[in-house]
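Engineer: In the numbering used here, the protein residues as written are 1225 to 1722. For reference, the structure I am asking about is given below.
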Amino acid sequence: MFNYYLSGYQGALEGGSEMVMTAFNTFEYLPATINRYLLTNIIRENWGYDEAVIIADYDALLQTKAHGVTKDDKDAAVKGILAGLDIEMASTAYLRTLEAAIKKDKRIIKAIDEAVLRVLKLKEKANLFNNAFSGDDKLLAELINSKEHQKLSYQLAVESVVLLKNENNILPLNKNIKVALLGNYATSNDLLGAWSWYGDTSQTKALNDFFEVEYLSNGEDYQDYDLEKIKKIEAIILTLGEEAKESGEARSKANINLKYSQVKLIKKLKKLGKPLILILFSGRPLILTEIIKDVDALFNVFFLGSNSSKAIYDLVYGSVNPSGKLAMTFPRSVGQIPLYYNHLRTGRPFLNDDNPYTSHYLDEKNEPLFPFGFGLSYSSFVYEDLKIDKSSFTLDELPTIKITILNESKFAGKEVVMLFIKDEIASISRPVKELKQFKKVSFQAGERKEISFKLKYQDLAFYNQDLNYQAEAGEFLVMVADKSLKITLKGDENEDFK
């Protein structure tokens, strides 16, 4: 838990987050919403964020009754406030029951005072005492639609798209060729995603508002299309995928393949012999193994918000160069799940087919279809020399790692340079590799740059079996793209650096 899950929350707090929301699930058989170990011992005492305001998810406090760990609203309220839960969302158990509970347990009034103080301090930081109407609907509407916010929305959309395939460099398209725009997202402005309950789609333009096409259809069935018109075009842009309502809370799926009708459509369009560019909308990694050979190019665009269509248009025609990388893994088949890049090592790693008694599938490859960190560009980046200023060092003299990268293409672009580390021998089993640092770097066409990473204590440290956060002396493997080198943290073999 400490090495995988909690680090993200700690990073958010280090980055300036003022609030933490509890999850619906349990940890060590106790719901997070009333789990004092998580809320107080870790966040406030261990990490030192004693002023962080902790809020329950929607009705999560009263849902502890369904978990079978509280008998009624009063019991839930008492356990919540004593655990360190400052704000109860949606339900009203605090308001209705804590006043009476104070008489039976003197700890409660102290916990209430501490919770109120944290909330008041946050309001003061947010300037709510001087400007209580900063959330006014009219003011928010003006802010959301401001040029500054629209510009940021567009930039986020452009840099979030991931180019997964570009066979024979079919992209970017020439604006002079005749194209067809097909599929259920061709004319849709429902592009805001699952968590935009109050989003105004009237402010969101559809793809056909930007693309000038010879033929347009939002049909999802082959029979919906005028094949005679399609035969006259030079490329097909097909928009398919999940609906926004299929993503988000309470939207789990056992089958994450594309719909059968969509797979069938892709395969039929492929037979027309036209370049086929797939714009895929989704709120999760999908199984694309069945269709990946049938498309010439593939953009995974997720749900990009109010500037989705302009961002996609600019990427397809190359006025912007794609630079997104996958923050998750795309499996080949559902049987590979859970599948993640930073998995632990196994005692019987798969090397080849000569030894059947290794960690592998009989009917599938071990590797994903698209790994974490994957993403293509119109530029061609060549990773050259990987070097380090000192390969053996102590924590007082952490080294700098440098990699030289050349953009050998005619396109200016951005590259996400990722530094992975593997702890070769440790007191507990460590992952095959972990992303420790990354930088998004701009390159002009033909430009060569040297990128530096200053190694940090956190890049080498982990929580051991005693939950001590420490770096252990020994060898580490540093990896950047396909380049790697070994480094050594000096010290006694059994020495820990805290």
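Glycine is no exception: its CB is placed at the ideal position from the N, C-alpha and C atoms.
Check this for me: beta carbons of I1461 and K1498, under 7 Å apart or not?
Structural biologist: It is not a contact, given that the beta carbons lie outside the stated cut-off.
Engineer: Is there contact between the region 1638-1650 and the region 1658-1668, where contact requires at least three CB pairs shorter than 8 Å?
Structural biologist: Verdict: yes, contact present.
Engineer: Comparing alpha-carbon positions, which option in Q1560, F1686, F1700 lies nearest F1617?
Structural biologist: Of the candidates Q1560, F1686, F1700, the one whose C-alpha sits nearest the C-alpha of F1617 is F1700.
Engineer: Do A1314 and L1395 count as a contact pair if the criterion is CB distance below 7 Å?
Structural biologist: Not closer than 7 Å, so no.
Engineer: Quick one: is N1393 buried, meaning 16 or more other Cβ sit within 10 Å of its Cβ, or exposed?
Structural biologist: N1393 should be labelled exposed.
Engineer: Check whether the region 1579-1589 and the region 1602-1619 are in contact - that is, three or more C-beta pairs closer than 8 Å.
Structural biologist: Result no; under three Cβ-Cβ pairs closer than 8 Å.
Engineer: In whole angstroms, give me the CA-to-CA distance for A1350 and I1516.
Structural biologist: Their Cα atoms are separated by approximately 48 Å.
Engineer: By Cβ distance below 7 Å, which residues in the same chain neighbour N1413 in space, the five residues on each side in sequence not counted?
Structural biologist: Correct list, in chain order: T1425, T1428, K1429, A1430.
Engineer: Tell whether a beta-carbon distance below 7 Å holds between S1377 and G1529.
Structural biologist: Closer than 7 Å, so yes.
Engineer: State the CB to CB distance for the pair E1383 and G1548, rounded to an integer number of angstroms; the pair is presumed to be in contact (CB under 8 Å).
Structural biologist: That belief holds up - the Cβ atoms of E1383 and G1548 are roughly 6 Å apart, short of 8 Å.
Engineer: Could you round the C-beta distance between I1612 and L1709 to whole angstroms and report it? I think they count as a contact, below 8 Å.
Structural biologist: Indeed they touch by this definition, with Cβ atoms about 6 Å apart.
Engineer: Measuring CB to CB, does A1247 end up less than 7 Å from A1236?
Structural biologist: Cβ distance not < 7 Å, so A1247 and A1236 don't count as in contact.
Engineer: Who are the Cβ neighbours of F1635 in its own chain at under 7 Å, not counting the five residues just before and after it?
Structural biologist: N1545, Y1602, S1603, A1669.
Engineer: Please classify L1619: does DSSP put it in a helix, a strand, or coil?
Structural biologist: Helix, per DSSP.
Engineer: Counting along the chain, where does the alpha helix (DSSP H) carrying A1459 start and finish?
Structural biologist: A1459 -> not in any alpha helix (DSSP H); beta strand (DSSP E) instead, spanning 1459-1465.
Engineer: What does the alpha-carbon distance come out to for the pair L1630 and G1637?
Structural biologist: In a straight line, the C-alpha of L1630 is about 11 Å away from that of G1637.
Engineer: I'd like to know whether the C-beta atoms of I1625 and F1677 end up nearer to each other than 7 Å.
Structural biologist: Contact flag set, yes.
Engineer: Please work out which residues of its chain come closer than 8 Å, Cβ to Cβ, to L1507, disregarding the five sequence neighbours upstream and downstream, and give them in chain order.
Structural biologist: Before going further, note that residue 1507 is Gly rather than Leu in the sequence given. G1417, A1418, E1466, A1468, E1470, S1471, G1472, R1475, F1526, F1527.
Engineer: Rounded to the nearest angstrom, what separates D1283 and E1312 at their Cα positions?
Structural biologist: Rounded to the nearest angstrom, the two C-alpha atoms are 8 Å apart.
Engineer: Specify, as a first and last residue, the run of the beta strand (DSSP E) that G1698 falls within.
Structural biologist: Segment 1698-1704, the beta strand (DSSP E) holding G1698.
Engineer: Apply the 10 Å Cβ neighbour rule to Y1228 and answer buried if 16 or more other Cβ atoms are within range, or exposed otherwise.
Structural biologist: Exposed: under 16 other Cβ atoms inside 10 Å.
Engineer: Going straight from the alpha carbon of G1239 to that of L1254, what length do you get?
Structural biologist: Approximately 28 Å, taken between the alpha carbons.
Engineer: Would you say the region 1400-1407 touches the region 1446-1460, given that touching needs at least three Cβ pairs under 8 Å?
Structural biologist: Segments in contact, yes.
Engineer: What whole-angstrom Cβ distance do I1480 and I1454 have, given they're in contact under 8 Å?
Structural biologist: Between I1454 and I1480 the Cβ distance is about 29 Å, and since that is not below 8 Å, they are no contact.
Engineer: Pick helix, strand or coil for G1304, following the three-state DSSP scheme.
Structural biologist: DSSP places G1304 in helix when its eight states are reduced to three.
Engineer: Tell me the residue span of the beta strand (DSSP E) that contains G1637.
Structural biologist: That run of the beta strand (DSSP E) goes 1637-1647.
Engineer: Which complete alpha helix (DSSP H) runs does the region 1370-1443 hold, if anything under 4 residues is left out?
Structural biologist: Complete alpha helix (DSSP H) runs here, min 4: 1371-1384.
Engineer: Could you tell me which of F1251, K1375, P1509, R1569 sits nearest to A1478, measuring between CA atoms?
Structural biologist: Of the listed residues, the one whose Cα sits closest to A1478 is P1509.
Engineer: Could you give the first and the last residue of the continuous beta strand (DSSP E) run that contains E1674?
Structural biologist: Its beta strand (DSSP E) spans residues 1672-1678.
Engineer: Taking three-plus beta-carbon pairs below 8 Å as touching, is the region 1530-1542 in contact with the region 1365-1381?
Structural biologist: These segments touch.
Engineer: Would a C-beta distance cut-off of 7 Å place A1300 and L1263 closer than the cut-off?
Structural biologist: No; because the gap between Cβ atoms is not below 7 Å, this pair is not in contact.
Engineer: Exposed or buried, I1278, counting other C-beta atoms within 10 Å across all chains shown (16 or more means buried)?
Structural biologist: Classification for I1278: buried.
Engineer: Let me see if you follow: with CB-CB separation under 7 Å, is N1351 close to chain C or not?
Structural biologist: Considering every chain present, this structure includes no chain C. It has just one protein chain.
Engineer: Determine the DSSP secondary structure at S1231, reduced to helix, strand or coil.
Structural biologist: Reduced to three states, the DSSP call for S1231 is helix.
Engineer: Less than 6 Å between C-beta atoms, sequence neighbours within five positions excluded: which residues of the same chain meet that for G1232?
Structural biologist: If we look at G1232 and ignore the five residues flanking it on each side, it has no Cβ neighbours.
Engineer: By Cβ distance, which residues of its chain are closer than 6 Å to L1502, with the 5 residues on each side in sequence left out?
Structural biologist: Once the five neighbours on either side are set aside, the close Cβ partners of L1502 are L1462, V1519, L1522.
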